[in-house]
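*Asks:* Going down the list, the sequences are from chains R and A.
If you count the first sequence from 1, you need to add 153 to reach this note's numbering.
If you count the second sequence from 1, you need to add 8 to reach this note's numbering.
Cβ atoms here follow ideal geometry from the backbone N, Cα and C, with glycine treated the same way.
Model, not experiment: these values are computed from the prediction.
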Amino acid sequence: MSDALPFKKLCCEIVSPATDFVSAILSVSEDLFLVGDQSGTISAISCGNGRIAWQRKAHAGGVRALELVKGSKICISGGDDGCIVVTDLSSGEELRRESLRTDPRLSDWVSHLRWSTTENTLAAACGKRLFFLTEELRPIAEPCVHATTIQDLAWDQEGRRVATVCYGGGTIWSPADHTPLSTWHDKVAMLAVSWSPNGKYIACGCQDSSILVWDVKQKQNLRMWGYPGKVTTLAWDRAGRYLATSGQGDLIVWDFSGEGPSGKEPIHRGIHQGVISAIAFNPKGTMLCTTADDGSVLVWRTGSFEPCLYGVAGAGISAAAWSRDGRRIFVGQQDGGVCIFAIDA
Amino acid sequence: MAEKKIPVTVLTGFLGSGKTTLLNHILTANHGRRIAVIENEFGEVGIDQELVVRAEEEIFEMNNGCICCTVRGDLIRILGNLIKRREAFDHILIETTGMADPGPVAQTFFVDEEMQRHLSLDGIVTIVDAKHVWEHLDSSEEVREQIAFADCILINKIDLATPSQIEELQSRIKKMNGVAKQYLTQDSVIDMDCILGLGGFNIQRALEVDPKFLEPEYPFEWGGVFEIATQRFSIECQEGPDPSMRILLLPCPTEAASELEGVLRDAVIHFSDDAREVPSGGEIRGGGEALELVFNPNGASSYDVLLSTPMRYALFTEHQPNEFDLVIRSDGQVCHPLQERLFKPDHEHDDEISSVGLEFEQDMDAEKVQLWLSELLRIKGNDIFRMKGVFAIAGEDRRLALQGVHMLLKAERLDSWGARSRRSTLVFIGRNLDREALKAGIEECISRE
């Protein structure tokens, strides 16, 4: 990253590191954020001074997913060991543990966890199976079995329906009846999924250097090709107008206003030298942060998508999250380091 | 960013060939490497270790522009996870199922950019059962492709097969895949350095396996020049492995420095003519005619040759003369050749899978080579399992490597030629390969500058 770039450098503080490659990072409150790493350790870190509040080895193998149960004082993690662990947020004490592995011959891991406050339900993916669980990790229904491994899942904005993506298609489920509400098929491996805030679209990043946007009502596919690599990260802005996606080091933003993105050129920004590892809008939706595996952090203004801030972490970045107040960016590194970048208001 | 790539070894082999035993050796041997394992085949007794990941095969079809290919989704997922734990191991081993098609596995390393950036396919190791592989060699496409894709083949359980069975298997496998190194093993015991750290698909290894791999092929295996002082001599043979053998006798111009090379062209042309059968005790007049010597089924055979003038003659034989104890006797004396040479024989096209090696001393035109190869793979990609070429490019100091799996092609600039002599070498392994057509194709790419 050259100093000649016309935007402001972010202030970076390297805080007490996690113990290994950071695989997940999650903002909890004004005071706390969580870091999960490849050693299976969860670290609770103070937003203010970067001190470790508590640290606990929750999983054998790496932490794959971290989630909060909103309004409660617990966090839920999933790991390479196929287990879901419920941990007390204030003490770091383990409260509950369930294994989702049923076939001991397979090393299925818990890849994704998403909580719905509306349904008071946790959606958990482990191998080919989608589970709906209560806060106490009790199953609400039989697991929904997919033909191939679940690559990602997302609740709709209301928290009523879950979309899962696999190789060959996607499915919309409701936790009430564990039969699919609808499905779409395409011979492509979808790697990431995000539901638009207005509920109209489900955007999927694909292995074949493309994205697929499923129009939920019209039941139609929109495909956009031409990415420089597989698409593993995507995010909608809060208003649901912009879909930010990445392939290799390029940021590509689609404008869904008016007639939608068909026939419109997307905004294309290639500044990161490394591969983009995370994309996240700030809570207000006014800024977008992208991080890459070369350690670069960029903040873009929503709308123009011109870069306004940049920073460099101590090592390649593997995970990132905004603070609740939008004044900081927490970044996890491949070497286990954690950085806090401060955004001046 | 320029971190060292993690080597990945792929272990394939039919059920019962000794794959799991080999895997156990690899995991317990004291080789100083920390190995992470992905197992697609799992018996009742799983290997319990933190770095062992067990998963089912998942095949993804992919559209890459106009090229369709299949990759292994499970490997992309698991390898992607292992990359994050790269400090914990030095090497990754993938144990595929007995029925696995190695194509999608190899293609995974070509297609997914994350795999390409962090991993290198160190080698495909195939293990076959010396005795039972015969039951599958003709019927199972999986077994044939596992052999064709291999960089290294262990012929295992040699204690259960006879020496002649093993020899026949070795020669059959070599015809299919001339690039793979073969090892004979019992109870899957092998030095780890033979299977780990192979350094990828590589032409140098083909030459170690067969120094003649890149040479042109000839319809004969042997040629020798004899000084014949009389107008009459005899060819005498004993019983051999075949009931008959094709030969050709050609007069040699005596002044030529290397007589055999001088008549080689004529020899190739005439050797392929319709051959006249000559029974034992029969008479041959003069040279220049392809002959099929029919041997006496019980005992020695002898053929009289009548010449118009005593001079130097070159004799070319379909098989090596010592297989039949062939001697030339003139005036009761055995004549020894003044010069002799072994030739690389034609493939006996009984195997639809074969390997072809080609070598050119001229510099190539980079653009033409890439165009020709991508077109070739687009059309014939289904039948071409693996290809690699290292090219000398006109006006370019560095070596250009092109590597392909089925329809996928990857180019890479290597180091400069340095003290090595500039030459282009190519190897193909595939089904129904036409050596002459491949040769003609690449000849079109020779630089005209």
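Taking K27(A) as the reference, give the member of Q154(A), L446(A), I181(A) and R42(A) with the closest Cα.
*Replies:* Taking only the C-alpha atoms, the option nearest K27(A) is Q154(A).
*Asks:* What is the C-beta distance between L344(R) and V384(R), in whole angstroms, given that I count them as a contact (C-beta under 8 Å)?
*Replies:* 7 Å between Cβ atoms; contact.
*Asks:* Starting from the Cα of L268(A), find the closest Cα among A322(A), V119(A), V16(A) and P15(A) and give me that residue.
*Replies:* Here the closest residue by C-alpha is A322(A).
*Asks:* What is the rounded straight-line gap between the Cα of L521(R) and the Cα of W268(R)?
*Replies:* In the structure as shown, chain R starts at 154 and stops at 498, and residue 521(R) therefore has no counterpart that could be examined.
*Asks:* Does the stretch 213 to 223 of chain A come within contact of the stretch 276 to 287 of chain A, defined as at least 3 CB pairs closer than 8 Å?
*Replies:* The stretch 213 to 223 of chain A vs the stretch 276 to 287 of chain A: no contact.
*Asks:* Could you name the residues of the stretch 339 to 368 of chain R whose beta carbon sits closer than 7 Å to any beta carbon of chain A, in the order they occur along the chain?
*Replies:* For the stretch 339 to 368 of chain R, which is checked against every Cβ of chain A, the residues closer than 7 Å are K340, A342, Q360 and D361.
*Asks:* With 8 Å set as the bound, which would you pick, yes or no: does the beta-carbon of F186(R) sit closer than that to a beta-carbon of chain A?
*Replies:* No - not a single Cβ of chain A is within 8 Å of the one on F186(R).
*Asks:* So for S349(R), helix, strand or coil by DSSP?
*Replies:* Here S349(R) sits in coil by DSSP.
*Asks:* Could you check which residue in D447(R), G312(R) and G400(R) has the C-alpha nearest to that of S349(R)?
*Replies:* Considering only alpha carbons, the answer is G312(R).
*Asks:* How would you label T439(R), buried or exposed, when you count the other beta carbons within 10 angstroms and need 16 or more for buried?
*Replies:* Its Cβ having fewer than 16 others within 10 Å, T439(R) is exposed.
*Asks:* Of all the CB atoms in chain R, is at least one closer than 8 Å to the CB of D120(A)?
*Replies:* Closer than 8 Å: yes.
*Asks:* Taking C-beta pairs closer than 7 Å, name the residues in chain R that N71(A) reaches, listed in chain order.
*Replies:* The contacting residues are D361.
*Asks:* Compare the C-beta of Y380(R) against all C-beta atoms of chain A and say whether one is closer than 8 Å.
*Replies:* So, not an interface residue.
*Asks:* Taking 8 Å as the threshold (beta carbon to beta carbon), is F117(A) in contact with chain R?
*Replies:* Answer no: the Cβ-Cβ gap between F117(A) and chain R never drops below 8 Å.
*Asks:* Do you know how far the Cα of L441(A) is from the Cα of V271(A)?
*Replies:* Between V271(A) and L441(A), the C-alpha separation is close to 28 Å.
*Asks:* Against chain A, with Cβ distances strictly below 8 Å, would S430(R) count as a contact?
*Replies:* False, the Cβ-Cβ gap to chain A never drops below 8 Å.
*Asks:* Is the Cβ-Cβ distance between G382(R) and E121(A) less than 8 Å?
*Replies:* Contact: yes.
*Asks:* Tell me the rounded alpha-carbon separation between A157(R) and T386(R).
*Replies:* Confidence at A157(R) is low in this model, with a pLDDT of 45, below 50, so its placement is unreliable and the value that follows should be read with caution. A157(R) and T386(R): Cα-Cα distance of roughly 28 Å.
*Asks:* Taking Cβ positions only, does G81(A) come closer than 8 Å to chain R?
*Replies:* Taking Cβ atoms only, chain R reaches closer than 8 Å to G81(A), which makes this a yes.
*Asks:* Could you give the DSSP three-state label for F118(A): helix, strand or coil?
*Replies:* Reduced to three states, the DSSP call for F118(A) is helix.
*Asks:* Do E69(A) and R80(A) come within 8 Å of each other at the CB atom, strictly closer than that value?
*Replies:* It is not a contact, given that the beta carbons lie outside the stated cut-off.
*Asks:* Going along the chain, which residues of the stretch 57 to 69 of chain A sit with their C-beta nearer than 9 Å to a C-beta in chain R?
*Replies:* Those would be E58, V60, V61, R62, A63, E64, E66, I67, F68 and E69, in chain order.
*Asks:* For S338(A), I'd like the list of residues in its chain whose CB is within less than 7 Å of its CB, leaving aside the five on either flank, ordered along the chain.
*Replies:* For S338(A), where only same-chain residues beyond five positions count, the Cβ hits under 7 Å are I236, A237, T238 and F241.
*Asks:* Starting from M200(A) and walking both ways along the beta strand (DSSP E), at which residues does that stretch end?
*Replies:* Element bounds for M200(A): not the beta strand (DSSP E) but the alpha helix (DSSP H), M200 to I203.
*Asks:* Report the CB separation of S180(R) from W475(R) in whole angstroms; it is logged as a contact under 8 Å.
*Replies:* Indeed, because the Cβ distance is near 7 Å, the residues count as touching under 8 Å.
*Asks:* Of all Cβ atoms in chain A, is any one closer than 8 Å to the Cβ of A197(R)?
*Replies:* It does not: the Cβ of A197(R) has no partner Cβ on chain A nearer than 8 Å.
*Asks:* Using beta carbons (cut-off 8 Å, strictly below), is A213(R) in contact with chain A?
*Replies:* So yes, A213(R) belongs to the interface.
*Asks:* By Cβ distance, which residues of its chain are closer than 8 Å to I174(A), with the 5 residues on each side in sequence left out?
*Replies:* If we look at I174(A) and ignore the five residues flanking it on each side, its Cβ neighbours are A138, I163, I166 and L192.
*Asks:* Along chain A, in chain order, which residues have C-beta atoms closer than 8 Å to that of K383(R)?
*Replies:* Near K383(R) (Cβ distances below 8 Å), the residues of chain A are D120, E121 and E122.
*Asks:* If the criterion is Cβ atoms closer than 8 Å, does the pair Q115(A) and V435(A) meet it?
*Replies:* No; because the gap between Cβ atoms is not below 8 Å, this pair is not in contact.
*Asks:* Which residue marks the beginning of the alpha helix (DSSP H) containing S380(A), and which one marks its end?
*Replies:* What sits at residue 380(A) in the sequence shown is Trp, not Ser. Counting along the chain, the alpha helix (DSSP H) containing W380(A) begins and ends at A374 to K388.
*Asks:* Which residues, taken in chain order from the stretch 291 to 324 of chain R, show a beta carbon closer than 7 Å to some beta carbon of chain A?
*Replies:* Within the stretch 291 to 324 of chain R, the residues whose Cβ lies closer than 7 Å to some Cβ of chain A are T301, T302 and Y320, listed in chain order.
*Asks:* Which residues, taken in chain order from the stretch 476 to 489 of chain R, show a beta carbon closer than 7 Å to some beta carbon of chain A?
*Replies:* Listed by position, the residues of the stretch 476 to 489 of chain R near chain A (Cβ gap below 7 Å) amount to none.
*Asks:* Between L31(A), L59(A), F50(A) and L30(A), which has its C-alpha nearest R42(A)'s C-alpha?
*Replies:* Minimum Cα distance to R42(A) is reached at L59(A).
*Asks:* Taking only beta-carbon positions, decide if R386(A) is within less than 8 Å of chain R.
*Replies:* With 8 Å as the cut-off, R386(A) does not count as an interface residue toward chain R.
*Asks:* Note down the Cα distance separating A388(R) from L385(A), rounded to an integer number of angstroms.
*Replies:* Their Cα atoms are separated by approximately 38 Å.
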